[in-house]
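> Each protein sequence line maps, in turn, to chains A and B.
Read in order, the letters of the first sequence are residues 1 to 195 in the numbering used here.
Read in order, the letters of the second sequence are residues 196 to 390 in the numbering used here.
Quick reminder that beta carbons are idealized off the backbone N, C-alpha and C, glycines included.
Computed from a predicted structure; not experimentally measured.
This is the structure I have questions about; it appears just below.
Number of protein chains: 2
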Amino acid sequence: MRQNPARRAALLDAAIEVLAAEGSRGLTLRAVDAKAQVPVGTCSNYFANRAELLRQIMERTRERLTPDPAEVAEALAAPSSPELVAQFLRDVYRRMDADRSSYLAMMELRLEGVRRPELGAELNRSFRVALEENIRFHLDAGLPGDRVDVTLLYLAVHGMIVDDLTVPDVLAGSAGELIDELCRRLLPRGAAENA
Amino acid sequence: MRQNPARRAALLDAAIEVLAAEGSRGLTLRAVDAKAQVPVGTCSNYFANRAELLRQIMERTRERLTPDPAEVAEALAAPSSPELVAQFLRDVYRRMDADRSSYLAMMELRLEGVRRPELGAELNRSFRVALEENIRFHLDAGLPGDRVDVTLLYLAVHGMIVDDLTVPDVLAGSAGELIDELCRRLLPRGAAENA
Numbered sequence: 001m002r003q004n005p006a007r008r009a010a011l012l013d014a015a016i017e018v019l020a021a022e023g024s025r026g027l028t029l030r031a032v033d034a035k036a037q038v039p040v041g042t043c044s045n046y047f048a049n050r051a052e053l054l055r056q057i058m059e060r061t062r063e064r065l066t067p068d069p070a071e072v073a074e075a076l077a078a079p080s081s082p083e084l085v086a087q088f089l090r091d092v093y094r095r096m097d098a099d100r101s102s103y104l105a106m107m108e109l110r111l112e113g114v115r116r117p118e119l120g121a122e123l124n125r126s127f128r129v130a131l132e133e134n135i136r137f138h139l140d141a142g143l144p145g146d147r148v149d150v151t152l153l154y155l156a157v158h159g160m161i162v163d164d165l166t167v168p169d170v171l172a173g174s175a176g177e178l179i180d181e182l183c184r185r186l187l188p189r190g191a192a193e194n195a
Numbered sequence: 196m197r198q199n200p201a202r203r204a205a206l207l208d209a210a211i212e213v214l215a216a217e218g219s220r221g222l223t224l225r226a227v228d229a230k231a232q233v234p235v236g237t238c239s240n241y242f243a244n245r246a247e248l249l250r251q252i253m254e255r256t257r258e259r260l261t262p263d264p265a266e267v268a269e270a271l272a273a274p275s276s277p278e279l280v281a282q283f284l285r286d287v288y289r290r291m292d293a294d295r296s297s298y299l300a301m302m303e304l305r306l307e308g309v310r311r312p313e314l315g316a317e318l319n320r321s322f323r324v325a326l327e328e329n330i331r332f333h334l335d336a337g338l339p340g341d342r343v344d345v346t347l348l349y350l351a352v353h354g355m356i357v358d359d360l361t362v363p364d365v366l367a368g369s370a371g372e373l374i375d376e377l378c379r380r381l382l383p384r385g386a387a388e389n390a
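Structure follows, in structure tokens:
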């Protein structure tokens, strides 16, 4: 069967909306066809089964939430400091906020992965690689803080995003300031900056 | 109808197991009856509807995850320090680890709350109150750090628990050490202690 990459992406985007709106139990190939407004059966031509659809949704959300490399390179031109790290984390937050469906879909997948070992294994691998890449990026860029700091930043921002998506009144819009405070309080300030 | 508090608690505990194992869509009054091994219809005698069941599950998980006040008082006898805060957070973590179903059920409820505004409002209120209580406890006990620090600790441990429950390979058993490092790096060390 002929497959069209744009249509595949459109099906995955529809699947993300279904997951975010209906939860994992609402995600059927037929529901994705309906959401994407394509003929019944289209989705099953693109994904061998539900497990394959879930795996590709995971990759697609990752793709949607990844920043533009040119913007990252431009931001890195600024001097290294806790404030620069805060700016990167605020960007992570902003991307989530502009694409809440992707993050909600990922949370649904995480819970589904607890019940489906095969999906759970994929998620474990994917999140592990993502954290390692974050740590490597941070250290290679000479940003302040070691691998433990980067891990702690990741965890705090992750907790913040989960709360913002599910119980937004808890932080009540203070996420940006909390990110600034976290970086200011946690990260070492280099000698060069203080000079 | 006569209601029995022990049976109500047993039904809620069964509901927590159903939620953790099957997700929110699997949670029906009938599934809870089956899990609790009680006659069909028992659950509907205790809970007027599914919304009421969800609300009481939320309270029950909170109850199950709350520490014994006597243990808290005993721990507070130790001198105030970042290490003492780490010990409290390790206890939060240990309680979650000993009762993963409660925390998973709460994550299912959070996602369900995104889709059901009434439940979402309850969750917002409940988590907000819980964070305020944590902050008040911390400040009243004279533990190191201000309300921003307590909020950041809460967020990082929350992110840690979500990862431990859903993608455990990411932290691979290092949660305890990360908690120690977080407290050591984030919290101010009092003059008294250094003396």
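Taking C-alpha atoms, which residue in A:178, A:58 and A:91 lies nearest to residue 108 of chain A?
Stepping through the first sequence from its first residue, residue 108 of chain A is reached at position 108. Checking every option, the nearest Cα to that of residue 108 of chain A belongs to A:58.
> Please report the straight-line C-alpha distance between residue 389 of chain B and residue 278 of chain B, rounded to a whole angstrom.
On the second sequence, residue 389 of chain B is found 194 positions in, with the first residue counted as 1. On the second sequence, residue 278 of chain B is found 83 positions in, with the first residue counted as 1. Note on residue 389 of chain B: pLDDT 44, under 50, position unreliable in the model; no value is reported.
> Going along the chain, which residues of its own chain have a beta-carbon closer than 8 Å to the beta-carbon of residue 329 of chain B, five neighbours each way excluded?
Numbered from 1 along the second sequence, position 134 holds the residue referred to as residue 329 of chain B. Correct list, in chain order: 345 and 349.
> For residue 334 of chain B, count neighbouring Cβ atoms within 10 angstroms of its own Cβ and tell me buried if that reaches 16, exposed if not.
In the second sequence, residue 334 of chain B corresponds to position 139, counting from 1. Classification for residue 334 of chain B: exposed.
> When you compare the CB positions of residue 374 of chain B and residue 284 of chain B, do they come within less than 9 Å of one another, or not?
What you label residue 374 of chain B is simply residue 179 of the second sequence in a count that begins at 1. What you label residue 284 of chain B is simply residue 89 of the second sequence in a count that begins at 1. Here residue 374 of chain B is near residue 284 of chain B, since their CB atoms are less than 9 Å apart.
> DSSP on residue 242 of chain B, reduced to helix/strand/coil?
Start at 1 with the first residue of the second sequence, and residue 242 of chain B comes out as number 47. Coil at residue 242 of chain B, not helix or strand.
> Using the C-alpha atoms, what's the distance from residue 52 of chain A back to residue 235 of chain B?
Here residue 235 of chain B refers to the residue found at position 40 when the second sequence is read from its first residue. Here residue 52 of chain A refers to the residue found at position 52 when the first sequence is read from its first residue. If you take the alpha carbons of residue 235 of chain B and residue 52 of chain A, they lie about 37 Å apart.
> Taking 9 Å as the threshold (beta carbon to beta carbon), is residue 16 of chain A in contact with chain B?
Start at 1 with the first residue of the first sequence, and residue 16 of chain A comes out as number 16. No, no contact with chain B.
> For the stretch 163–174 of chain A, list every residue whose C-beta sits within 9 Å of some C-beta in chain B, in sequence order.
163, 165, 166, 167, 168, 169, 170, 171, 172 and 174
> How about residue 376 of chain B: is its C-beta nearer than 9 Å to some C-beta of chain A?
Your numbering for residue 376 of chain B matches position 181 in the second sequence. Chain A, which has a Cβ nearer than 9 Å to the Cβ of residue 376 of chain B, makes this yes.
> Rounded to the nearest angstrom, how far is the Cβ of residue 305 of chain B from that of residue 318 of chain B, given a contact under 8 Å?
Working through the second sequence from its first residue, we reach residue 305 of chain B at position 110. Working through the second sequence from its first residue, we reach residue 318 of chain B at position 123. Confirmed, Cβ separation roughly 6 Å.
> Do you know whose CA, among A:94, A:131 and A:118, lies nearest residue 176 of chain A's CA?
Translated into positions along the first sequence, residue 176 of chain A becomes position 176. With distances taken between Cα atoms, residue 176 of chain A lies closest to A:94.
> Compute the distance between the beta-carbons of residue 209 of chain B and residue 230 of chain B, then report whether it is under 9 Å.
Locating residue 209 of chain B in the second sequence gives position 14, counting from the first residue. Locating residue 230 of chain B in the second sequence gives position 35, counting from the first residue. Taking 9 Å as the Cβ cut-off, residue 209 of chain B and residue 230 of chain B qualify as a contacting pair.
> Between the stretch 161–175 of chain A and the stretch 98–106 of chain A, are three or more C-beta pairs nearer than 8 Å?
Three or more pairs of CB atoms, one per stretch, sit closer than 8 Å, so the stretch 161–175 of chain A contacts the stretch 98–106 of chain A.
> Against chain B, which members of the stretch 150–164 of chain A pass a CB distance test of less than 8 Å?
151, 152, 154, 155, 156, 157, 158, 159, 160, 162 and 163
> List the whole-angstrom C-beta distance separating residue 357 of chain B from residue 162 of chain A, where the pair is believed to meet the contact cut-off of C-beta under 8 Å.
For this step, residue 357 of chain B is matched to residue 162 along the second sequence. For this step, residue 162 of chain A is matched to residue 162 along the first sequence. With a Cβ gap of about 6 Å, residue 357 of chain B and residue 162 of chain A count as contacting.
> Which residues, in chain order, does the stretch 87–113 of chain A contribute to contact with chain B at a C-beta distance below 7 Å?
104, 107, 108, 110, 111 and 113
> Just the Cα atoms here: how many angstroms apart are residue 17 of chain A and residue 186 of chain A?
Within the first sequence, the letter at position 17 stands for residue 17 of chain A. Within the first sequence, the letter at position 186 stands for residue 186 of chain A. Roughly 36 Å between the two C-alpha positions.
> With a threshold of 9 Å between beta-carbons, can residue 30 of chain A be considered close to chain B, or not?
Along the first sequence, one-based indexing puts residue 30 of chain A at 30. Output row for residue 30 of chain A: interface = no.
> Figure out for me which residue from B:262, B:291, B:276 and B:249 has the closest Cα to the Cα of residue 313 of chain B.
Working through the second sequence from its first residue, we reach residue 313 of chain B at position 118. With distances taken between Cα atoms, residue 313 of chain B lies closest to B:249.
> Only counting the same chain, and skipping five residues up and downstream in sequence, which positions put a Cβ closer than 7 Å to that of residue 383 of chain B?
Taking the second sequence and counting its residues from 1, one reaches residue 383 of chain B at position 188. These residues qualify, in order along the chain: 339 and 340.
> Examine chain A for any beta-carbon lying closer than 9 Å to the beta-carbon of residue 337 of chain B, and answer yes or no.
Here residue 337 of chain B refers to the residue found at position 142 of the second sequence. Output row for residue 337 of chain B: interface = no.
> For residue 23 of chain A versus residue 307 of chain B, is the C-beta spacing smaller than 9 Å?
What you label residue 23 of chain A is simply residue 23 of the first sequence in a count that begins at 1. What you label residue 307 of chain B is simply residue 112 of the second sequence in a count that begins at 1. Cβ atoms of residue 23 of chain A and residue 307 of chain B: closer than 9 Å.
> Cutting at 6 Å between CB atoms, please list the residues of its own chain near residue 196 of chain A, excluding the five before and the five after it.
For chain A, the structure presents residues 1 to 195; residue 196 of chain A sits outside this window and is missing.
> Using alpha carbons as the reference points, say which of B:366, B:220 and B:316 lies closest to residue 125 of chain A.
In the first sequence, the residue the question calls residue 125 of chain A occupies position 125. Closest by alpha carbon: B:366.
> Could one say the Cβ of residue 220 of chain B lies closer than 9 Å to chain A's Cβ atoms, at least one of them?
Against the second sequence, residue 220 of chain B aligns to sequence position 25. Closer than 9 Å to some Cβ of chain A, the Cβ of residue 220 of chain B qualifies, so yes.
> Let me see if you follow: with CB-CB separation under 9 Å, is residue 246 of chain B close to chain A or not?
The residue given as residue 246 of chain B occupies position 51 in the second sequence. Closer than 9 Å: no.
> Residue 222 of chain B and residue 257 of chain B: beta carbons closer than 9 Å?
Within the second sequence, residue 222 of chain B is the residue found at index 27, counting from 1. Within the second sequence, residue 257 of chain B is the residue found at index 62, counting from 1. It is not a contact, given that the beta carbons lie outside the stated cut-off.
> Which residue from B:377, B:220 and B:347 puts its Cα closest to that of residue 148 of chain A?
Position 148 of the first sequence, counted from the start, is the residue given in the question as residue 148 of chain A. Among B:377, B:220 and B:347, the Cα nearest to that of residue 148 of chain A belongs to B:377.
> When DSSP labels each residue in this structure, what does residue 183 of chain A get in the three-state scheme?
Locating residue 183 of chain A in the first sequence gives position 183, counting from the first residue. Residue 183 of chain A falls in the helix class under three-state DSSP.
> Quick one: which residues of the stretch 62–87 of chain A get their C-beta closer than 8 Å to a C-beta of chain B? List them in chain order.
none
> Answer yes or no: does any C-beta atom of chain B fall closer than 9 Å to that of residue 124 of chain A?
Taking the first residue of the first sequence as position 1, residue 124 of chain A is located at position 124. At least one C-beta of chain B is nearer than 9 Å to the C-beta of residue 124 of chain A.
> Note down, in chain order, each residue of its chain lying with its Cβ closer than 7 Å to the Cβ of residue 92 of chain A, except the 5 sequence neighbours on either side.
Reading the first sequence from its first residue, position 92 is the one you call residue 92 of chain A. For residue 92 of chain A, where only same-chain residues beyond five positions count, the Cβ hits under 7 Å are 157.
> Below 8 Å, is the gap between the Cβ of residue 374 of chain B and the nearest heavy atom of the ligand NAP?
Annotation note on the ligand NAP: not contained in the displayed structure, which lists no ligands.
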